[in-house]
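Residue numbers (my numbering), protein chains in the order written: chain A, 37 to 368; chain B, 37 to 368.
One structure is given below, encoded as structure tokens.
Number of protein chains: 2
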Amino acid sequence: MATLADVARHAGVSTATASRIINGSSKPVADALRARVLAAVAELKYVPNAHAQMLARSHRSAVGVIVHDVSDPYFAEITRGLQRVAEADGRLAIICNSYRQPDRELEYIDLLHAHQVAAIVIAGSGYLDAATAARLDDRLQAFEATGGRIAVIGRHEHTGDAVMPDNEEGGFIAAAHLFDLGHEDIAVIAGPAALTTTADRLAGVRRAAKVYRRSLPKGRIFHADFTRDGGYAVTDLIQVKFPEVTAIAALNDSMAVGALASLRDGRRRVAVIGFDDMPIARDVTPSLTSVRLPLTELGERAMRLALGEAGAEPRVEHVAAELVRRESTWDR
Amino acid sequence: MATLADVARHAGVSTATASRIINGSSKPVADALRARVLAAVAELKYVPNAHAQMLARSHRSAVGVIVHDVSDPYFAEITRGLQRVAEADGRLAIICNSYRQPDRELEYIDLLHAHQVAAIVIAGSGYLDAATAARLDDRLQAFEATGGRIAVIGRHEHTGDAVMPDNEEGGFIAAAHLFDLGHEDIAVIAGPAALTTTADRLAGVRRAAKVYRRSLPKGRIFHADFTRDGGYAVTDLIQVKFPEVTAIAALNDSMAVGALASLRDGRRRVAVIGFDDMPIARDVTPSLTSVRLPLTELGERAMRLALGEAGAEPRVEHVAAELVRRESTWDR
DNA sequence: ACGGTCTAGGAAAGCGCTTACCTCAATGGG
DNA sequence: CCCATTGAGGTAAGCGCTTTCCTAGACCGT
């Protein structure tokens, strides 16, 4: 592995000069030397050691991103936005998947901290459990204490810069849409009970039930795991236990897609509304009515917050949810 | 930012001892000291500087991954496999999106090289252009020369460890399926002409045409960009220009989904076969017949190659493509 | 021609950590 | 009872780079 010293020796200059030439320092250097050094770099195929650079110049550049799972379209879209902005700013974004395990999130925070990232962006639902939330915030604060910046997407655990999709309002919109269409007997497929996103969206659904004076018994609320197969399994169950249900509100699109598949296989005609409006929502059949969250934008804004100046006041940007009507919901 | 020296001072020991305790070195240490050091770590919220560690111990651990675009389900699945194996091996996987730009691939190779990763995995189609391929291989060789390991997925540019999906055979399978069903007039939606994946799959389609003694005029082969919208636009065109076409072979699922949407909007009944068998293939309507590639497995195997012993002989694993019949293709 | 001012380039001090090597005290054997 | 041995802990030399400070030659004005 060629080092700067090798290059300098090869070109017959000091490491200081070599460094200055390679990094395009403002200090003027004779053209002859410059050419010799550059030639040496090419010949030795020299690639600077990023770790040594990080250590020597003490400024941080890379940014860390923690999401639940990039291969989930929801996070894939958010990540796309995150990356786009990071890249435009000339920064390496290190993406970590927690696979929905809080412990892994903690590990990754420390890992990113250890890697001296300039900022960490955490996307994806937080955890209702107070102890878990506290541990998380504790690590985050330790990171901030060393000058790191943090931005979260839709998380309550940490007070600081945040982009907050309005999950509660979205839940309201979803349920209200079903009620508006005249559905009385609805079932809800919520996400894991431990997640704040589930709680928030569910709160909106419950508020809608109250506003519309509809009853929404506990038994009509099911918890799945935010995956397509989870939605499928629960919908199978709903069809058997509650044949009178005419509409289902799934609290994310993946589960809604599963619900649609189950309904198709069971040859039942039940309205379904999803949440998030992932790209595939328009391509399933019937195309999926959903509550749209501008996922890519969420990512872009969060990264901009993370890369912006550290303000004294935490900046919290609220992002509205919006109904996208398609074929999977209809008048009763 | 607390340093090891701070911790050592705080605990009244040398940095050597502190380091040994923190890293669980095999050297025995008095329990009293251990406790003091650990207490200091907790109190100061010390997090070791990963860059300094990398520099001091000279072994590499992280691995780099370069894909076209993680938010594309094709790469999302591959990445999932890649990550799973990397994580199981206790390594950080740094994921980079080239967004299909060869130059960015080069940049990322250097960047990962600079970050002293132990291995680089490159997934996604390579480039037919000889000059581009040569530049790529050049960078890769420079990386290998420093002891780095490389594994590629479906790329021809670099000779070394590789996992090769059988794209040619897959193309054959797709076209043969259509011919078997009695379709004579077929159109092909290929990917960007500059990509090797496009060329390989197309070669298989052409071979099928030859074997089945069907003509496949140039005009029936369209190039789109492997995206859903690209497939949609091309299919709009096909419907207008070639109303006699009864079946379309799209050379990836995203474009096939777009084709399905266009056909639905145009109220035409045309058979469609995709390629890759992405998870959503079963949830579009009609559900998509496709040529299955075990994407997650592709990723897992590539990462295993990258992390395995460096063998003298390059190991090349071929992965078969397989027809998955669903509702989007039918007898003529 | 001489002192003073620039300027191009080099010497060397770290950045935060690991680890080979050294020290010193305690221990045991002869 | 003394010396060799062991073992716990410290000292310090880097890892590869950046950057401050310094040097020595070139250049200017008088």
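Built from N, CA and C at the ideal position, the CB exists for glycine as well.
8 Å Cβ cutoff, residue i in contact with chain A
i, result
"B:D301", "no"
"B:N85", "yes"
"B:T321", "yes"
"B:I130", "yes"
"B:H95", "no"
"B:V188", "no"
"B:M339", "no"
"B:I57", "no"
"B:H149", "yes"
"B:D146", "yes"
"B:A286", "no"
Residue-chain proximity (residue i, chain B), Cβ-Cβ < 8 Å
i, result
"A:Q137", "no"
"A:K81", "yes"
"A:A297", "yes"
"A:D272", "no"
"A:Q119", "yes"
Chain-ordered chain B contacts of residue i [CB-CB under 9 Å]
i, result
"A:N203", "Result: empty, since nearest Cβ-Cβ is about 22 Å, beyond 9 Å."
"A:R116", "D105, V106, S107 and N133"
CB contact flag (residue i, residue j, <8 Å)
i, j, result
"B:R337", "B:V199", "yes"
"A:D202", "A:V355", "yes"
"A:F111", "A:V103", "yes"
"B:S326", "B:D289", "yes"
"A:G196", "A:I189", "no"
"A:V43", "A:R56", "no"
"B:A286", "B:A244", "no"
"A:G344", "A:T115", "no"
"A:Y268", "A:G294", "yes"
"B:P109", "B:I316", "yes"
"B:Y151", "B:I130", "For the sequence presented, residue 151 of chain B should be read as His rather than Tyr. In contact: B:H151 and B:I130 (Cβ atoms closer than 8 Å)."
"A:G207", "A:R249", "no"
"B:H194", "B:D165", "no"
Limits of the alpha helix (DSSP H) - the one that residue i falls within
i, result
"A:N203", "N203 to D216"
"A:I274", "R264 to K277"
"A:V293", "D289 to D301"
"B:I57", "T51 to I58"
"A:E123", "P109 to A124"
"B:E180", "A166 to A181"
"A:R140", "P138 to A150"
"B:A44", "L40 to A47"
"B:E363", "It is not in any alpha helix (DSSP H) - B:E363 carries neither H nor E in the DSSP assignment."
"A:G100", "Unbroken run through A:G100 is the beta strand (DSSP E), V99 to V103; no alpha helix (DSSP H)."
"A:R337", "L331 to L343"
"A:H87", "A86 to A92"
"A:T157", "The residue asked about is misnamed: residue 157 of chain A is Val in this sequence, not Thr. Careful: A:V157 lies outside any alpha helix (DSSP H), inside the beta strand (DSSP E) at A155 to A159."
"B:E79", "D67 to L80"
Partners in chain A for residue i, counting only beta-carbon separations shorter than 9 Å
i, result
"B:T182", "M37, A38, K81 and V83"
Limits of the beta strand (DSSP E) - the one that residue i falls within
i, result
"B:T325", "T325 to R328"
"B:A307", "A307 to D312"
"B:V224", "I222 to A226"
"A:A286", "A283 to A286"
Proximal residues of chain B, C-beta to C-beta of residue i below 8 Å
i, result
"A:I316", "V293, I316, D319 and V320"
"A:L91", "N85, H87, A88 and L91"
Where residue i meets chain A, residues with beta-carbon distance less than 8 Å
i, result
"B:E113", "S107"
"B:A178", "K81 and V83"
Residue i: contacting residues in chain A (beta-carbon distance under 7 Å)
i, result
"B:Q275", "What B:Q275 touches in chain A: nothing, since even the nearest Cβ is about 18 Å away."
Residue i: CB within 7 Å of a non-hydrogen atom of the ligand ATP
i, result
"B:A78", "The ligand ATP is not part of this structure, which contains no ligands at all."
Determine contact between the region 78-96 of chain B and the region 138-146 of chain B, defined as no fewer than three beta-carbon pairs at a distance below 8 Å. no
Using 8 Å as the Cβ pair cut-off and three pairs as the minimum, do the region 217-231 of chain B and the region 316-330 of chain B touch? The region 217-231 of chain B, when compared against the region 316-330 of chain B, does not touch it at the 8 Å Cβ threshold.
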